[in-house]
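Numbering (UniProt numbering), first residue to last: 1 to 151. A short worksheet on the structure shown next.
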Amino acid sequence: KASTLSTWTGVELMACSGEDIPRMHTITTFFPRSEGKGIEKILSIVTAQNEGLNTMAWKVLSCKEENSGLVLTAGIDGQSYEALRREGYQIRYRFGKLPVRGLRKSEDEAGMKEHQAPSPSTLDEVTPRDCSRRRPNEGRAWEMRISHLSG
C-alpha cells in the first residue's frame with residue numbers, strides 16, 4: 001500500500017526523459033592470469049592502476065573464465081570512456097596494458113553519414129553469465145564474436 005511506504009533519506013534521484021539518461025559505452029577486455037580471482041578483485045586492481053576509471057559505475061554485462069583468464073564485457077560511464085580514449089583504449093592491469101575492444105568501432109559508426117545505418121552490435125547476443133560457471137565449447141562462439149568486434 002502506498003500509505004505504508006516510507007521515504008528514502010540521503011538518496012539523490014532526478015526525473016528525466018530517456019534521451020537525457022547518460023549513454024553507457026560497451027567494452028570487452030580479456031584479463032590474463034585472472035581465473036578464479038573474482039570480478040570484484042579484478043575491478044579493484046583496474047581502479048587502483050588506472051586514473052579516471054570509475055569501475056563502481058560500470059555495469060558488468062558478461063564475464064567468462066577462459067584460457068586461465070577472464071573475458072569481461074561491461075557498460076562503462078562517460079568519465080571512464082574519456083580516460084580510456086586518452087590512454088589509447090588500453091587498461092593498465094598488473095604489469096602490462098590490455099587492449100579494450102568495442103569503443104573505437106562505436107566512434108567510427110558515430111562518424112558515418114546519416115543515411116548509412118550502423119551495423120548491429122554483436123554484443124547484443126551476449127547473455128549475462130556468472131563467472132564461476134563454465135560450459136564446454138562455449139569459448140569458440142565467444143572468440144568469434146570478439147574477432148568480429150575487433151575486425
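Backbone N, C-alpha and C fix where the C-beta goes; we use that ideal spot for every residue, glycine too.
Sixteen is the threshold: when 16 or more other Cβ atoms of the shown chains lie within 10 Å of the Cβ of I27, as they do, the residue is buried. Annotation: Y93 is outside any alpha helix (DSSP H); the continuous beta strand (DSSP E) that includes it extends over 90–93. A57 and I76 have their C-alpha atoms roughly 7 angstroms apart.
Here F95 is exposed. Its C-beta has fewer than 16 other C-beta atoms within 10 Å.
By the CB criterion at 8 angstroms, G69 and E40 fall outside the cutoff. Residues M24, A74, G75 of the same chain have their beta carbon placed closer than 7 angstroms to that of K59, with the five preceding and five following residues left out of the count. In this structure, V46 places its C-beta atom within 8 angstroms of the C-beta atom of Y93. Per the coordinates, the alpha-carbon of R101 lies some 19 angstroms from the alpha-carbon of Q49.
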